[in-house]
Amino acid sequence: MRLPPFTGGVSPMQKFLRTGLIIASLAIIAFAAAVYVKTGQATAEGELVGFVDSEEIMAGYAPARRAQEAWQLFEAQHQKQLEDTIFKKYNTMDLNTLNEAQQAEVRKMFDQADQELKDQFEKIRVQEWEPARNKIQSAIDAVAKEKGVRVVLEKKAVLSGGVDMTADVVAKLK
Numbered sequence: 001m002r003l004p005p006f007t008g009g010v011s012p013m014q015k016f017l018r019t020g021l022i023i024a025s026l027a028i029i030a031f032a033a034a035v036y037v038k039t040g041q042a043t044a045e046g047e048l049v050g051f052v053d054s055e056e057i058m059a060g061y062a063p064a065r066r067a068q069e070a071w072q073l074f075e076a077q078h079q080k081q082l083e084d085t086i087f088k089k090y091n092t093m094d095l096n097t098l099n100e101a102q103q104a105e106v107r108k109m110f111d112q113a114d115q116e117l118k119d120q121f122e123k124i125r126v127q128e129w130e131p132a133r134n135k136i137q138s139a140i141d142a143v144a145k146e147k148g149v150r151v152v153l154e155k156k157a158v159l160s161g162g163v164d165m166t167a168d169v170v171a172k173l174k
């Protein structure tokens with residue numbers, strides 16, 4: 001049996017980004033619902049609803065790509081280092097051949113590695129992802145203002161209609 005990846009094949013950065021997109025989408029939907037309740041109608045005459053494709057924006061924005069690449073590189077290097085350490089110590093990558101004490105030690109190594117990954121992820125999030133996310137949000141706000149859009153949703157939350165602002169946001173970020 002080979003060592004499993006730390007997170008079941010989905011990196012913590014990918015989980016964070018997906019979770020962030022879901023939370024942002026829900027927040028935007030909640031905001032739209034609040035506007036609906038406050039005004040008594042979904043949108044007033046002439047009021048526009050816009051949407052953006054966050055994945056496309058992140059793919060088109062170099063700092064967001066760099067943050068994701070930095071995380072993926074660190075995670076791959078960390079996984080390799082852990083595998084090398086275990087192989088050096090036990091001369092095998094098959095965990096089933098280890099006795100219970102050795103398996104417990106390997107689990108402890110995984111737990112420690114997982115904590116190191118979480119710590120590094122937090123550093124990357126603060127140093128690289130947060131500034132990128134803030135600039136993306138500023139660009140979305142600016143494009144929405146230029147187009148007279150009062151409500152912006154994630155593309156996945158829109159069934160029909162609305163103004164696609166994605167290309168304009170990507171252009172503003174360049």
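FYI, in this note's numbering the residues of the sequence shown are 1 to 174.
Ideal Cβ positions, reconstructed from N, Cα and C, are used throughout, including at glycine.
From W71, V49 and E56, pick the residue whose C-alpha is nearest to that of K189; which is it? The displayed coordinates of the chain run from 1 to 174. Any statement about residue 189 would go beyond what the structure contains.
Could you work out which residue in Y61, R65, R107 and V52 is closest to L159 when comparing CA atoms only? Stepping through the sequence shown from its first residue, residue 159 is reached at position 159. It is V52 whose Cα lies nearest to the Cα of L159.
Span of the beta strand (DSSP E) around R150: Locating residue 150 in the sequence shown gives position 150, where the first residue counts as 1. Run containing R150: V149 to E154, per the beta strand (DSSP E) assignment.
Determine contact between the region 85-94 and the region 49-66, defined as no fewer than three beta-carbon pairs at a distance below 8 Å. Output reads no: the region 49-66 does not touch the region 85-94.
Taking the beta strand (DSSP E) that L117 falls in, what are its first and last residues? Along the sequence shown, read from residue 1 onward, the residue named residue 117 stands at position 117. Where L117 is concerned, there is no enclosing beta strand (DSSP E), although the alpha helix (DSSP H) around it starts and stops at E100 to I124.
So, helix, strand or coil for T39, using DSSP? Position 39 of the sequence shown, counted from the first residue, corresponds to residue 39. A caution first: T39 carries a pLDDT of 44, below 50, which makes its placement in the model too unreliable to give a value.
Going by DSSP, what residues sit across from D164 in a beta bridge? As a first step, residue 164 must be located in the sequence shown, where it is residue number 164. Its beta-bridge partners are F51.
If you draw a straight line from the alpha carbon of R91 to that of A144, how long is it in whole angstroms? Numbered from 1 along the sequence shown, position 91 holds the residue referred to as residue 91. Numbered from 1 along the sequence shown, position 144 holds the residue referred to as residue 144. It should be noted that the sequence gives Asn, not Arg, for residue 91. Answer to the nearest angstrom: the Cα atoms are 59 Å apart.
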